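Peer 1:
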Amino acid sequence: MTDINNDINQTTSNLNIVEPDLKIEHSLYSQLSSEFKDKVRLVYTKPNRIKISVEPEHIIEVAFFLKNQLGLDHAESVGGTDYPDENVIEVIYHLNSYSREELAPIILALSTKTDRNSSYLPSLLPVFKSVEYHERETYEMLGVYFQGHPRNERFLLPEDWADIPPLKKEFRIKGR
Amino acid sequence: MTNKYSESLDSKFKETTNLGLEVVKEASEDRLMKLSVGPQHPGSGHFRFTIKVDGDYIVYCDPDPGYVHRGEEKMCEYRNYIQNIPHLERPVIHDSTNITYSYSLAVEELLGIEVPRRGQFIRAIASELNRQVYTLYWLAIYGIFLGHSTMFMWPTGDRELFIDLLAALTGARVTHAFNIPGGVRNDIPEGFKEKCLEYIKYFEKRLKEYEDIFYNNPLFRQRTENVGILPKQDAIDLGVTGSVLRASGIPHDVRKVEPYDVYNEIDFKVQYMKTCDSFARAYVPFLDMRESCNITRQLLEKMPESGEVRVKLQSNPKGRIGEAYKRVESGRGALSYYIVSDGSSKPYRVKISVGSFRNILALPHLLVGSRLGDMPSIYWALNYWPVEADR
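From first to last, the protein sequence lines are chains A and F. Going by the numbering used here, the first residue of the first sequence is number 293, and it counts up by one from there. Going by the numbering used here, the first residue of the second sequence is number 809, and it counts up by one from there.
(1) DSSP three-state label for Ala1090 (chain F), please.
(2) Short of 7 Å in beta carbon distance, which residues of its chain neighbour Ile1103 (chain F), apart from the five on each side in sequence? Order them along the chain.
(3) Measure from the C-beta of Tyr472 (chain A) to each C-beta in chain F and report whether the shortest distance is under 8 Å.
(4) In the structure shown, what three-state DSSP assignment does Tyr1187 (chain F) receive?
(5) Determine the chain F residues that contact Leu459 (chain A) at a beta-carbon separation under 7 Å, and present them in chain order.
(6) Where does Gln940 (chain F) land, buried or exposed, given buried means 16+ other C-beta within 10 angstroms?
(7) Give, in chain order, every residue of the stretch 1137–1148 of chain F whose Cβ lies closer than 8 Å to some Cβ of chain A.
(8) Taking DSSP as the reference, what is the three-state secondary structure of Phe960 (chain F)?
(9) Whose C-alpha, out of F:Asp1096, F:Glu1113 and F:Ser1152, is nearest the C-alpha of Gly1139 (chain F)?
(10) With 8 Å as the threshold, decide whether the Cβ of Ser345 (chain A) is near any Cβ in chain F.
(11) Can you find the residues in the same chain that come closer than 6 Å, C-beta to C-beta, to Ser369 (chain A), ignoring five residues on each side of it along the sequence?
(12) Is there a Cβ from chain A that is less than 8 Å from the Cβ of Met809 (chain F)?
(13) Consider the Cβ of Phe1011 (chain F): report whether some Cβ of chain A lies at a distance smaller than 8 Å.
(14) Quick check on Leu324 (chain A): does DSSP put it in helix, strand or coil?
(15) Who are the near neighbours of His854 (chain F) in its chain, counting only those whose CB is closer than 8 Å to its CB and skipping five residues on each side?
(16) Quick one: what does DSSP say Val1162 (chain F) is sitting in, helix, strand or coil?
(17) Applying the 10 Å Cβ sphere with the 16-neighbour rule, what's the burial state of Arg931 (chain F)?
(18) Report yes or no: do the stretch 983–990 of chain F and the stretch 898–914 of chain F share at least 3 C-beta pairs separated by less than 8 Å?
(19) Quick one, which residues of the stretch 1051–1074 of chain F are near chain A if we go by CB-CB under 8 Å, in chain order?
(20) So, are the CB atoms of Val1158 (chain F) and Glu917 (chain F) less than 8 Å apart?
(21) Are any of the Cβ atoms in chain F nearer than 8 Å to that of Lys405 (chain A)?
(22) Quick one: what's got a C-beta closer than 6 Å to His1060 (chain F)'s C-beta in the same chain, skipping five residues either side?
(23) Going by beta carbon distance, what residues of the same chain come within less than 7 Å of Ser410 (chain A), once the five residues before and after it are set aside?
(24) Just reading off the alpha helix (DSSP H) that Glu883 (chain F) is part of, what are its end residues?
(25) For Ile801 (chain F), which residues from the same chain have a beta carbon less than 8 Å from its beta carbon, with the 5 sequence-adjacent residues on both sides left out?
(26) I'd like to know whether the C-beta of Gly289 (chain A) is nearer than 8 Å to at least one C-beta of chain F.
(27) Measure from the C-beta of Pro348 (chain A) to each C-beta in chain F and report whether the shortest distance is under 8 Å.
(28) Can you have a look at Pro871 (chain F) and say buried or exposed, based on whether 16 or more other CB atoms are within 10 angstroms of its CB?
(29) Only counting the same chain, and skipping five residues up and downstream in sequence, which positions put a Cβ closer than 6 Å to that of Glu432 (chain A)?
(30) Quick check on this structure: which residue in A:Thr337, A:Ala401 and A:Gln361 has the alpha carbon closest to the alpha carbon of Val346 (chain A)?
(31) Strictly under 8 Å for the Cβ-Cβ distance: is Ser415 (chain A) near chain F by that measure?
(32) Roughly how many whole angstroms lie between the Cα atoms of Trp962 (chain F) and Cys884 (chain F)?
(33) Assuming Leu1005 (chain F) and Leu1108 (chain F) form a contact by the criterion Cβ under 8 Å, report the distance between their Cβ atoms to the nearest whole angstrom.
(34) Under the three-state reduction of DSSP, which class applies to Leu448 (chain A): helix, strand or coil?
(35) When you compare each of F:Phe1028, F:Gly879, F:Glu968 and F:Asn994 to Phe929 (chain F) by their alpha carbons, which one comes out closest?
(36) Considering only the alpha carbon of each residue, which of A:Leu362, A:Thr337, A:His350 and A:Pro339 lies closest to Asp330 (chain A)?
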């Protein structure tokens, strides 16, 4: 497979000469770190993507800063991932901006972790109206209770759903 | 939110919810009638919402999706990267090339492969044709929703042309499974370019006729103009996407703001309107169809004459440890995949974020305060596909 990759790189090299320059991504993080010091941890930066991780108790102030100071005004997606080995559930908000043109290609992933057995997180609904249904979906799919969200209740699953949240890893599809 | 209804209502009946909606107080509930719209409603399509009406003003709306929830995200964790493609296109079979497009882009990042240039062009052509198929289907239903049966017949007929093109290209009418990590399944057949250009020429002529019979129809205009206003700031706060966002005056199109594959070589305009009403939301997809003809023509002209269309993968490829977030512009707005890989041949977690799911958040905000008769024109103008929202 490596040979094929090399061939492609040669044939299309005139297209890909632009080295990824992560100026905006780094400036976003430097603004965050100058405001919040070590409360915000950088996970990675790659072209148009930046991921930061915060503790649940700081997430609301960080989210307010991202919205009001940096202009990331809505969430594209909110998802959770279950890690049974580390006994945590990671919840990620993918934020994007409509109001600042230069930030439109950037997706900032704001991630936080909660305990698997008693999963409580502060809701970001007071900051971003756009997370309302996404957080409801995360609640029913992973059992993460969002404190401050007016409706932690069933959304997509059947009304008579009586099993554990289906995106937890111990939930198995029948026959698999 | 203020409107004619809330102005006419005495303030002692009103209260403001914590989401900023002005609703009728619980104490005055005996004035109200509760209605359940769908899922058996002929137009709502597997989607139910409950509304409360005061006279014929809607005062409360609660969407209840989930009637076609299939558990796509869970299913992805049991199959390898290639096996996932046929079931992932099921949520929106009319736009199946676009829903597998961003999946392929994300998996390519995890596998560390790059698609040959000719493959990138063929992908983009297939996704533009598929966008036309989807938008025509949506337009046909919008037409019949408002009682305009000609607008149901015409797009349904013209849609066949694009389906024929896609059938010649991919071998299937609607569920193509054409985009795969590494490129596309097969090269374009002989004579495809000429046939495609001929169809597009015919279709552009038809679009003028659509405009005359439907969009310039005074009845249609009366039913949609100044109905369901979604101001620019509300559109930003609610995080709506696609034609709904562009109808509120924000020129945001993923093909332009974050071009993928060969879209940065294509010269096109992002179509948007500033009137923020149902008419704008109905007209922007139409303008998109016209722009899409232009894009397809450029893609066909710029495509390299020959070359590989896909990278041969090893069987059961393993993703490198990490995560990828990729998005494309589908017929209903940004469609993104967030994939986490633990280094095995199956994805550890797949999260699909679709335009339909993001756009229903606007439905209560638009319906509350409007009249019951405006409900069809507001609801379907949201470019909402219930099956896709449920996944």
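Using N, Cα and C, we set each Cβ at its ideal position, and we do this for glycine too. Nothing here was measured: the structure is a model prediction, and the numbers come from that model.
Peer 2: Straight from the coordinates:
(1) Translated into positions along the second sequence, residue 1090 (chain F) becomes position 282. The answer is helix: DSSP assigns Ala1090 (chain F) an H, G or I state.
(2) Taking the second sequence and counting its residues from 1, the one referred to as residue 1103 (chain F) is at position 295. So the qualifying residues of the chain are Glu936, Ile1074 and Phe1076.
(3) This structure gives no information on residue 472 (chain A), because the portion of chain A shown stretches from 293 to 468.
(4) Along the second sequence, read from residue 1 onward, the residue named residue 1187 (chain F) stands at position 379. In this structure, Tyr1187 (chain F) counts as helix in the three-state DSSP scheme.
(5) The sequence position of residue 459 (chain A) within the first sequence is 167, counting from 1. Near Leu459 (chain A) (Cβ distances below 7 Å), the residues of chain F are Glu881 and Lys882.
(6) What you label residue 940 (chain F) is simply residue 132 of the second sequence in a count that begins at 1. Of the residues assessed, Gln940 (chain F) falls on the buried side of the cut-off, its CB having 16 or more other CB atoms within 10 angstroms.
(7) Taking a C-beta cut-off of 8 Å against chain A, the contacting residues of the stretch 1137–1148 of chain F are Ala1142, Ser1144, Tyr1146 and Val1148, listed in chain order.
(8) Within the second sequence, numbered from 1, the residue matching residue 960 (chain F) stands at position 152. Looking at Phe960 (chain F) - three-state DSSP - the assignment turns out to be helix.
(9) Working through the second sequence from its first residue, we reach residue 1139 (chain F) at position 331. Nearest C-alpha to Gly1139 (chain F): F:Asp1096.
(10) In the first sequence, residue 345 (chain A) corresponds to position 53, counting from 1. Output row for Ser345 (chain A): interface = no.
(11) Locating residue 369 (chain A) in the first sequence gives position 77, counting from the first residue. Take Ser369 (chain A), set aside five residues on each side of it, and the residues of its chain with a beta-carbon closer than 6 Å to its own are His386, in chain order.
(12) Residue 809 (chain F) sits at position 1 when you count from the first residue of the second sequence. Legend: pLDDT at Met809 (chain F) = 44, less than 50; position of this residue unreliable, value from coordinates given subsequently. Not closer than 8 Å to any Cβ of chain A, the Cβ of Met809 (chain F) fails to qualify, so no.
(13) Taking the second sequence and counting its residues from 1, the one referred to as residue 1011 (chain F) is at position 203. At a cut-off of 8 Å between C-beta atoms, Phe1011 (chain F) does not count as an interface residue with respect to chain A.
(14) The count along the first sequence starts at 1 and reaches residue 324 (chain A) at position 32. It is helical.
(15) What you label residue 854 (chain F) is simply residue 46 of the second sequence in a count that begins at 1. Excluding sequence neighbours, His854 (chain F) sits near Gly846, Pro847, Tyr875, Val876, Pro1194, Val1195 and Asp1198.
(16) To locate residue 1162 (chain F), count along the second sequence from 1; it is residue 354. Three-state result, Val1162 (chain F): coil.
(17) Locating residue 931 (chain F) in the second sequence gives position 123, counting from the first residue. Arg931 (chain F) comes out buried.
(18) The stretch 983–990 of chain F and the stretch 898–914 of chain F touch, with no fewer than 3 CB-CB distances between them shorter than 8 Å.
(19) Under the 8 Å Cβ criterion, the stretch 1051–1074 of chain F contributes Leu1053, Ile1058, His1060, Val1065 and Glu1066.
(20) Counting from 1 along the second sequence, the entry for residue 1158 (chain F) is found at position 350. Counting from 1 along the second sequence, the entry for residue 917 (chain F) is found at position 109. With contacts defined as CB atoms closer than 8 Å, Val1158 (chain F) and Glu917 (chain F) fail to qualify as a contacting pair.
(21) Locating residue 405 (chain A) in the first sequence gives position 113, where the first residue counts as 1. Answer no: the Cβ-Cβ gap between Lys405 (chain A) and chain F never drops below 8 Å.
(22) Locating residue 1060 (chain F) in the second sequence gives position 252, counting from the first residue. Hits under 6 Å: Leu1053.
(23) Taking the first residue of the first sequence as 1, we reach residue 410 (chain A) at position 118. The beta carbon of Ser410 (chain A) is closer than 7 Å to none in its chain, skipping five residues each way along the sequence.
(24) As a first step, residue 883 (chain F) must be located in the second sequence, where it is residue number 75. Glu is not the amino acid found at residue 883 (chain F); the sequence shown has Met there. Run containing Met883 (chain F): Glu880 to Cys884, per the alpha helix (DSSP H) assignment.
(25) Residue 801 (chain F) lies beyond the residue range present for chain F, which begins at 809 and ends at 1199; the question has no answer from this structure.
(26) Nothing in the structure corresponds to residue 289 (chain A), since chain A is present only between 293 and 468.
(27) To locate residue 348 (chain A), count along the first sequence from 1; it is residue 56. No, Pro348 (chain A) does not count as interfacial toward chain F.
(28) On the second sequence, position 63 is the one that residue 871 (chain F) refers to. With at least 16 other beta carbons inside 10 angstroms of its own, Pro871 (chain F) counts as buried.
(29) On the first sequence, position 140 is the one that residue 432 (chain A) refers to. Exclusion of the five residues before and after Glu432 (chain A) leaves Arg446, Phe447 and Leu449 as the residues of its chain whose Cβ lies within less than 6 Å of its Cβ.
(30) The count along the first sequence starts at 1 and reaches residue 346 (chain A) at position 54. Comparing Cα-Cα distances from Val346 (chain A) to each of A:Thr337, A:Ala401 and A:Gln361, the minimum goes to A:Ala401.
(31) As a working note, residue 415 (chain A) is residue 123 in the first sequence. Taking Cβ atoms only, chain F never reaches closer than 8 Å to Ser415 (chain A), which makes this a no.
(32) Here the question's residue 962 (chain F) lines up with position 154 in the second sequence. Here the question's residue 884 (chain F) lines up with position 76 in the second sequence. Approximately 38 Å, taken between the alpha carbons.
(33) If you number the second sequence from 1, residue 1005 (chain F) lands on position 197. If you number the second sequence from 1, residue 1108 (chain F) lands on position 300. With a Cβ gap of about 7 Å, Leu1005 (chain F) and Leu1108 (chain F) count as contacting.
(34) Locating residue 448 (chain A) in the first sequence gives position 156, where the first residue counts as 1. Three-state DSSP puts Leu448 (chain A) in coil, outside helix and strand.
(35) Taking the first residue of the second sequence as 1, we reach residue 929 (chain F) at position 121. Nearest of F:Phe1028, F:Gly879, F:Glu968 and F:Asn994 to Phe929 (chain F), Cα basis: F:Asn994.
(36) Position 38 of the first sequence, counted from the start, is the residue given in the question as residue 330 (chain A). Comparing alpha-carbon positions, the option among A:Leu362, A:Thr337, A:His350 and A:Pro339 lying closest to Asp330 (chain A) turns out to be A:His350.
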